[in-house]
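**Student:** If you're matching positions, the sequence shown starts at 40 in this note's numbering and goes up one per residue.
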Amino acid sequence: MDISLISIGNSKGIRLSKTILEKYNIQDSLELILEKGYIILKPKTKVRNGWEKSFKKMHEKGDDRLVVADVFNDEDFEEWK
């Protein structure tokens with residue numbers, strides 16, 4: 040796909056079509072990666088996006104229990120005093 044550069048003040052920019060924005064769920068910002076002679080534009084995602092909803096589901100199903108106990112029977116806390 041060929042696209043033209045457009046002037047934005049003293050800089051240049053590109054326009055992305057509505058179709059591309061929707062297809063890749065691009066909202067307000069992109070991550071720009073420079074790699075081996077290529078410029079890669081990647082939709083920026085929020086760290087841990089969707090975790091809150093997933094944790095809520097886990098809790099409702101009772102799947103948020105500890106898999107490993109935080110205290111083992113053979114632990115001796117006296118040595119830490």
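A virtual CB, placed ideally from N, CA and C, is assigned to each residue, including glycine.
With a Cβ-Cβ cutoff of 9 Å, do isoleucine 65 and isoleucine 72 count as a contact?
**Tutor:** Contact flag unset, no.
**Student:** In terms of alpha-carbon separation, which member of Ser50, Asn49, Pro82, Gly76 lies closest to lysine 62?
**Tutor:** With distances taken between Cα atoms, lysine 62 lies closest to Pro82.
**Student:** What span of residues does the beta strand (DSSP E) with glutamate 74 cover, start to end?
**Tutor:** Here the beta strand (DSSP E) through glutamate 74 covers 69-74.
**Student:** How many Å lie between isoleucine 45 and glutamate 99 at the Cα?
**Tutor:** If you take the alpha carbons of isoleucine 45 and glutamate 99, they lie about 51 Å apart.
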